[in-house]
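Engineer:
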Amino acid sequence: MSGRMSSKARPQWLALALAGMLGSGMAPATERLFTYTYEPEVFPKGAAEFEQWVTWLGGRNGAVGQEHYSRWEVREEYEYGFTDNYTASLYLNGSYQNFHDPGTGNDDSRLVWDGISVENRYMLLNPADHAIGLTLYVEPRVSDRVAEIETKILLGQRFAEDWKWALNIGHATEWFMNGKHVTEGEVEVDFGIARSIGRWSVGVEVRDHNELPKYDKWENTAIYVGPAVSYRTGRWWAALSVLPQVYGQNFLDDPDNNHHLDLEGHERINVRLIVGVGF
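Going by the numbering used here, the sequence shown wraps up at 285, each residue one higher than the last.
(1) Put residue 274 into one of helix, strand or coil per three-state DSSP.
(2) Can you give me the C-alpha to C-alpha distance between residue 179 and residue 61, rounded to a whole angstrom?
(3) Quick check on the DSSP output: the beta strand (DSSP E) that includes residue 170 runs from which residue to which?
(4) Under 6 Å Cβ to Cβ from residue 282, same chain only, skipping five residues before and after it: list those, please.
(5) Could you compute how far the alpha carbon of residue 193 sits from the alpha carbon of residue 49?
(6) Between 271, 164, 135 and 183, which has its C-alpha nearest residue 45's C-alpha?
(7) CB-CB under 8 Å to residue 137, same chain, minus the five flanking residues each way: which ones, in chain order?
(8) Work out the CA separation of residue 78 and residue 149 for me, nearest whole Å.
(9) If we call anything under 8 Å between Cβ atoms a contact, is residue 129 one with residue 91?
(10) So, with DSSP's three-state summary, where would you put residue 166?
(11) Which word fits residue 197, buried or exposed, when buried means at least 16 other C-beta atoms lie within 10 angstroms of its C-beta?
(12) So, is residue 267 buried or exposed, given that buried needs 16 or more other C-beta atoms within 10 angstroms?
(13) Under DSSP, the beta strand (DSSP E) around residue 55 begins and ends at which residues?
(14) Would you mind sorting residue 160 into buried or exposed? The rule is 16 or more other CB atoms within 10 Å of its CB.
(15) Only counting the same chain, and skipping five residues up and downstream in sequence, which positions put a Cβ closer than 7 Å to that of residue 237?
(16) Do the CB positions of residue 225 and residue 263 come within less than 8 Å of each other?
(17) What does the alpha-carbon distance come out to for the pair residue 254 and residue 65?
(18) Report the three-state DSSP secondary structure of residue 134 (helix, strand or coil).
(19) Going by beta carbon distance, what residues of the same chain come within less than 7 Å of residue 156, once the five residues before and after it are set aside?
(20) Where does residue 68 fall in DSSP's three states?
(21) Beta-carbon within less than 7 Å of residue 31's beta-carbon, same chain only, minus the 5 sequence neighbours each way: which residues are those?
(22) What span of residues does the beta strand (DSSP E) with residue 259 cover, start to end?
(23) Would you kindly report the start and end of the unbroken beta strand (DSSP E) that includes residue 191?
(24) Tell me which residues share the same chain as residue 84 and place their Cβ nearer than 7 Å to its Cβ, disregarding the 5 neighbours each side in the sequence.
(25) Can you give me the Cβ contacts of residue 143 inside the same chain, cut-off strictly under 6 Å, excluding the 5 residues immediately before and after it?
(26) With H, G and I counted as helix, E and B as strand and the rest as coil, what does DSSP make of residue 101?
(27) May I ask you to list the residues that DSSP assigns as paired with residue 141?
(28) In whole angstroms, what separates the C-alpha of residue 170 from that of residue 200?
Have a look at this one:
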């Protein structure tokens, strides 16, 4: 993690980040049905939106020195449609984590500035006009100690009027500027399917995340499956996913003493809430 600010800091800024999520008096908002899986649609030209992201990742274990592990990730996003095919977003990223190390008896708490990122999405095939929508995604991020570039292929389509699915295939490379210039890779596949019921949508989201340290080995995999619920009005929308880890494996050894989950590089559960307000 980058930019350690205080070993005993508390996430008071989380309350401030959440305080403005349900703003009013703004232009119509778009919507998202999932929180990890992007749909291929982009903003129309001139449309703008503010989105507040809050993600909680919890549960590792004492075998890896991270008992009672909890991590909060907060992102503020400003998104704008430059053309009918191209949308870009500016993110401010921060996180807070804490855990107890049973080996040392110490508690570790960190409030971290995770940098600025710029998301770019270009729609090649509009799902309204083609059998499957196709969008390309590129997001560079930089902080004081880490640089990253993330790329994705976004696919999706509606069917049977009220149903919609989306599939993302992604890869990310991180460069850690800690004097050793370590390079690490990640591969992720996300899938969601949901049905709209009035202002609500209810569905299932699947996430498979993998880590490739230094690109010389495939270290682990973790698969998450859980419900995704969203709600929309004319002015704002909200989407929530609750994804427990259903299967995980560390391919190099078994540092967490768990044969069915990976609790060293991943958590038992991922919960994400996104709220968007148009203006």
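The C-beta atom is built at its ideal place from N, Cα and C for all residues, glycine as well.
Structural biologist: Short version:
(1) As a first step, residue 274 must be located in the sequence shown, where it is residue number 268. Under the three-state reduction of DSSP output, residue 274 falls in the coil class, being neither helix nor strand.
(2) Here residue 179 refers to the residue found at position 173 when the sequence shown is read from its first residue. Here residue 61 refers to the residue found at position 55 when the sequence shown is read from its first residue. Here the alpha carbon of residue 179 sits roughly 21 Å from the alpha carbon of residue 61.
(3) Position 164 of the sequence shown, counted from the first residue, corresponds to residue 170. Taken as a continuous stretch (DSSP letters only), the beta strand (DSSP E) holding residue 170 covers 169-182.
(4) Position 276 of the sequence shown, counting from 1, holds the residue named residue 282. Around residue 282: 35, 55, 57 and 243.
(5) The sequence position of residue 193 within the sequence shown is 187, counting from 1. The sequence position of residue 49 within the sequence shown is 43, counting from 1. One C-alpha to the other measures close to 26 Å.
(6) Residue 45 sits at position 39 when you count from the first residue of the sequence shown. The shortest C-alpha separation from residue 45 is found at 164.
(7) Within the sequence shown, the letter at position 131 stands for residue 137. In chain order, 163 place their CB closer than 8 Å to the CB of residue 137, counting only its own chain and leaving out the 5 sequence neighbours on each side.
(8) For the purposes of this step, residue 149 is taken as the residue at position 143 of the sequence shown. For the purposes of this step, residue 78 is taken as the residue at position 72 of the sequence shown. Residue 149 and residue 78 have their alpha carbons spaced roughly 18 Å apart.
(9) Reading the sequence shown from its first residue, position 123 is the one you call residue 129. Reading the sequence shown from its first residue, position 85 is the one you call residue 91. Yes, they are a contact pair.
(10) Counted from its first residue, the sequence shown places residue 166 at position 160. In the three-state scheme derived from DSSP, where H, G and I count as helix and E and B as strand, residue 166 is classed as coil.
(11) Along the sequence shown, one-based indexing puts residue 197 at 191. Counting the other CB atoms within 10 Å of its CB gives residue 197 a total of 16 or more, which places it among the buried residues.
(12) By one-based count along the sequence shown, residue 267 stands at place 261. With 16 or more other Cβ atoms within 10 Å, it is buried.
(13) Within the sequence shown, numbered from 1, the residue matching residue 55 stands at position 49. Residue 55: member of the beta strand (DSSP E) spanning 54-64, first to last residue.
(14) Against the sequence shown, residue 160 aligns to sequence position 154. It is buried - the Cβ of residue 160 has at least 16 other Cβ atoms within 10 Å.
(15) Residue 237 sits at position 231 when you count from the first residue of the sequence shown. Closer than 7 Å at the Cβ level, and outside the excluded window around residue 237, lie 205, 206, 243 and 244.
(16) The residue you call residue 225 lines up with position 219 of the sequence shown. The residue you call residue 263 lines up with position 257 of the sequence shown. Contact: no.
(17) As a position in the sequence shown, residue 254 is number 248, starting the count at 1. As a position in the sequence shown, residue 65 is number 59, starting the count at 1. Between the alpha carbons of residue 254 and residue 65 lies a gap of roughly 13 Å.
(18) In the sequence shown, counting from the first residue as 1, residue 134 sits at position 128. Here residue 134 sits in coil by DSSP.
(19) The residue given as residue 156 occupies position 150 in the sequence shown. These residues qualify, in order along the chain: 145, 176 and 178.
(20) On the sequence shown, position 62 is the one that residue 68 refers to. The three-state reading of DSSP puts residue 68 in helix, counting H, G and I together.
(21) The sequence position of residue 31 within the sequence shown is 25, counting from 1. Note that residue 31 scores 42 on pLDDT, short of 50, meaning its location in the model is unreliable; the coordinates nonetheless yield the value given after this. The answer is none, since no qualifying residue turns up.
(22) On the sequence shown, residue 259 is found 253 positions in, with the first residue counted as 1. Here residue 259 belongs to no beta strand (DSSP E), and DSSP marks it neither H nor E.
(23) Against the sequence shown, residue 191 aligns to sequence position 185. Unbroken beta strand (DSSP E) run through residue 191: 188-203.
(24) Here residue 84 refers to the residue found at position 78 when the sequence shown is read from its first residue. If we look at residue 84 and ignore the five residues flanking it on each side, its Cβ neighbours are 56, 95 and 96.
(25) The count along the sequence shown starts at 1 and reaches residue 143 at position 137. If the five residues before and after residue 143 are omitted, its C-beta is found closer than 6 Å to the C-beta atoms of 127, 158 and 160, all from its own chain and listed in chain order.
(26) On the sequence shown, position 95 is the one that residue 101 refers to. Residue 101 falls in the strand class under three-state DSSP.
(27) Translated into the one-based positions of the sequence shown, residue 141 becomes position 135. According to DSSP, which records beta bridges pairwise, residue 141 is partnered with 129 and 160.
(28) As a working mapping, residue 170 is identified with position 164 in the sequence shown. As a working mapping, residue 200 is identified with position 194 in the sequence shown. Whole-angstrom Cα-Cα distance: 6 Å.
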